[in-house]
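In this note's numbering, the protein residues as written are 5 to 191.
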């Protein structure tokens, strides 16, 4: 009698290919999962770098805007004459124009340059302004004209008005601090 053959070989042949394909599929899936995780990590890194670059770009844009504003302010200081070398002759000419515009007799305007604190960027001078006035109301107009039209920051320290003997009108004398930014403080 013949022994019945064991179907194992046949079963092995029958299931070998699907099992091999299943193992290949599981291996491929595992590999794909690892690659997916790697890609997700790289994507997160790239997103973080992009966000950092966007933040740096925004900061650079803000700084550029701030620099434009500072440049405009510096240009305005230059146009107003506040950013200039100490030039008492030019300042005196400006004061002469102010006096003429207000209809005043020639102004006396000696400047005394003062030393400014080292590194402060300010040039300081003291203006001893003397003028003849027809009446008291001309002095405030003169001071206001100097404040608005002088190429400097002006601070009135004192003013004195006297009625001279023997002639009409008044004599006025004012001490005014005259401040400008020196060019050495320019960027």
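Glycine is no exception: its CB is placed at the ideal position from the N, C-alpha and C atoms.
Assigned with DSSP and collapsed to three states, residue 181 falls in strand. Our two residues, residue 157 and residue 151, have alpha carbons roughly 7 Å apart in a direct line. The secondary-structure analysis by DSSP pairs residue 157 across a beta bridge with 183.
Measuring C-alpha to C-alpha distances from residue 144 to each of 155, 165, 132 identifies 165 as the nearest. Here residue 171 carries a coil assignment [DSSP, helix/strand/coil].
Following the DSSP letters along the chain, one finds residue 108 in no beta strand (DSSP E), marked with neither H nor E.
The continuous beta strand (DSSP E) containing residue 118 extends over residues 115 to 118. The alpha-carbon separation between residue 147 and residue 118 amounts to approximately 21 Å. Beyond the five residues adjoining it in sequence on each side, residue 167 comes within less than 7 Å, by CB distance, of 174 in the same chain, given in chain order.
A straight-line Cα-Cα distance of about 45 Å links residue 92 and residue 62. Taking the C-beta atoms as reference points, residue 78 is found no nearer than 8 Å to residue 126. Our two residues, residue 159 and residue 99, have alpha carbons roughly 15 Å apart in a direct line.
Taking the C-beta atoms as reference points, residue 113 is found nearer than 8 Å to residue 131.
Around the Cβ of residue 155, a 10 Å sphere holds 16 or more other Cβ atoms; the residue is buried. Its Cα nearest to that of residue 105, the residue 153 stands out among 169, 153, 161. In the DSSP annotation of this structure, residue 138 is not part of any beta strand (DSSP E), being labelled neither H nor E.
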